[in-house]
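Visitor: The structure's right below; bear with me while I get my questions together.
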Amino acid sequence: MGMEKEVPKRAPFEAAFTTLPWDGESKVRSPKLHMLRLKKHAEALSIPWPNAFSEDLRFALNILSEGEDANSQSPQESADKGEHGTNITSGNGENIEGQPPFLLRVEIDEMSNISLTGRPNRKTRNHISGIIHPAPNWPKSIQGIKHADWTPYAEAGLAARKAGAQVALLAREGEIIDGDRASPILLDIDGTAWVVSPERGAIPSTTLELVIPAIEAQGIPVRKGRLTEVMFARAYEVLLLGSGLTAVRLTDIDGQDIGIDAEGEVTKSILLPICQQAIIDQGWTDFNQWVEDVIL
């Protein structure tokens, strides 16, 4: 399997990318949402969309599959043996939160070439810790875009792990902009759920897009706006949503507890079971269906 390695710093306009949950074999999650976002981001970076995208994607997926077949041990077998840090699993090979065993990065470069890179997913428990990390100061034209210069996000994630946390929340002047590997959703004490508005510089999250209808179906209004560190401190519940994390609860930021009631007890999760179930319910899409669904 092609593994992501540290590469020289690139300019933002050299590529657009997206990262899908992958079973390590021939299935992914939410491919249509990911491809729609990838196309929008490529256009924002003035990267020409391939005329024969579906066929180019099919060719790249065939190469990926052939590479897996050439290995003596499949990625899924490696994960099952615990070689990539997988944790508690259910009968279908996923851990109890439904987190995928692998992630698949799809990239389109400035020459309209498609490349696929797989890697093991760094799994977590249901409850994780975070740190505050400075958000990158990119020009407004590329804020909210998944582009080639992803070093600041990678460095934020590394800083979190060095601090003993699992995620970094990217902030600017007391405002939470994004997460290094997931997007936050905050349930306020008044029962309103809040997500960061794209105008604030957040990456539009395919996972958020998937779960918001399920949240609203439970009678919880979802609003987009400005999320501050103060809002996080007083929140009833905060989740982080992403391709690898799926949906997990943020328990503390820089050692400060999040989601604590007046008696000092952790509040009962409301959003977590809704979001986790919505992600699991969507199921998986095989490569052939993926190619058929993305005639954009």
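Here the sequence shown is numbered in this note's numbering, starting from 1191 and rising by one per residue. All C-beta atoms, glycine included, are put in the ideal place defined by N, C-alpha and C. Just so you know, these numbers come straight off a predicted model, no measurement behind them.
With a CB to CB cut of under 7 Å and the five nearest residues on each side skipped, what residues in its chain are close to Y1426?
Guide: Once the five neighbours on either side are set aside, the close Cβ partners of Y1426 are L1377, D1378, I1379, G1449, T1457.
Visitor: Thinking C-alpha only, which one of F1207, S1216, K1217, S1244 is nearest L1235?
Guide: For L1235, the nearest C-alpha among the options comes from F1207.
Visitor: Tell me the DSSP bridge mates of T1475?
Guide: Note: T1475 sits in a beta bridge opposite V1218.
Visitor: Between the alpha carbons of L1440 and A1232, how many angstroms are there, rounded?
Guide: Each residue's Cα considered, the two are about 32 Å apart.
Visitor: Just curious, the alpha helix (DSSP H) that K1489 is in, first and last residue?
Guide: No answer is possible for residue 1489: it lies beyond the span of the chain, which begins at 1191 and ends at 1486.
Visitor: To the nearest angstrom, how far is the alpha carbon of K1199 from that of G1409?
Guide: Between K1199 and G1409, the C-alpha separation is close to 45 Å.
Visitor: Expressed to the nearest angstrom, what Euclidean distance is found between the alpha-carbon atoms of R1295 and L1210?
Guide: So the two alpha carbons sit approximately 6 Å from each other.
Visitor: Taking only the alpha-carbon atoms, compute the straight-line gap between S1395 and E1365 and give it to the nearest angstrom.
Guide: About 18 Å.
Visitor: Could you tell me the boundaries of the alpha helix (DSSP H) in which R1362 lies?
Guide: No alpha helix (DSSP H) contains R1362, which is instead part of the beta strand (DSSP E) from 1357-1362.
Visitor: Could you check the C-alpha separation between V1438 and P1342 for me, to the nearest Å?
Guide: Those two C-alpha atoms are separated by around 23 Å.
Visitor: Could you check where the beta strand (DSSP E) with V1438 kicks off and where it finishes?
Guide: It spans 1436-1443 - the beta strand (DSSP E) in which V1438 sits, taken as one unbroken run.
Visitor: I think L1223 touches E1399, with their Cβ atoms under 8 Å apart; what is that distance to the nearest whole Å?
Guide: At roughly 6 Å, the Cβ-Cβ gap stays under 8 Å, so L1223 and E1399 are in contact.
Visitor: Go through the stretch 1293-1326 residue by residue and report every complete run of the beta strand (DSSP E) that reaches 3 residues or more, in order.
Guide: Within the stretch 1293-1326, the complete beta strand (DSSP E) runs of at least 3 residues are 1304-1310, 1317-1324.
Visitor: Quick check: the stretch 1465-1483 against the stretch 1238-1253, are there 3 or more CB pairs under 8 Å?
Guide: Yes, since at least three Cβ pairs between the stretch 1465-1483 and the stretch 1238-1253 fall closer than 8 Å, the two stretches touch.
Visitor: Go to A1242, then tell me how far its beta strand (DSSP E) extends in each direction, as first and last residue.
Guide: Premise fails: A1242 is in no beta strand (DSSP E) and is neither H nor E.
Visitor: Report the option in P1310, I1402, W1239 whose CA atom is closest to the CA atom of L1461.
Guide: Checked all of P1310, I1402, W1239; the closest Cα to L1461 is I1402.
Visitor: Taking 8 Å as the cut-off, does the stretch 1342-1359 touch the stretch 1315-1331 (at least 3 CB pairs, one atom from each stretch)?
Guide: Verdict: yes, contact present.
Visitor: Of the choices G1257, T1418, D1299, whose alpha-carbon is the least far from that of G1308?
Guide: It is G1257 whose Cα lies nearest to the Cα of G1308.
Visitor: Within the continuous beta strand (DSSP E) that includes R1413, where are the two ends?
Guide: Its beta strand (DSSP E) spans residues 1412-1415.
Visitor: When we look at the beta-carbon of A1383 and count the other beta-carbons within 10 Å, is it buried (16 or more) or exposed?
Guide: By the neighbour-count rule (16 or more Cβ atoms within 10 Å), A1383 is buried.
Visitor: Indicate whether I1464 and I1405 have their beta-carbon atoms separated by less than 8 Å.
Guide: Against a cut-off of 8 Å, the Cβ pair of I1405 and I1464 comes out as a contact.
Visitor: For A1468 and T1418, I'd like the C-alpha separation in whole angstroms.
Guide: Their Cα atoms are separated by approximately 27 Å.
Visitor: Note down the Cα distance separating D1299 from P1238, rounded to an integer number of angstroms.
Guide: Their backbone Cα atoms lie some 9 Å apart in a straight line.
Visitor: For V1420, which residues in the same chain have their Cβ closer than 8 Å to its Cβ, ignoring the five residues on either side in sequence?
Guide: Cβ within range, chain order: G1364.
Visitor: Write down the C-beta distance between P1291 and G1214 rounded to the nearest angstrom, noting that I regard them as a contact closer than 8 Å.
Guide: Correct: roughly 5 Å between the Cβ atoms.
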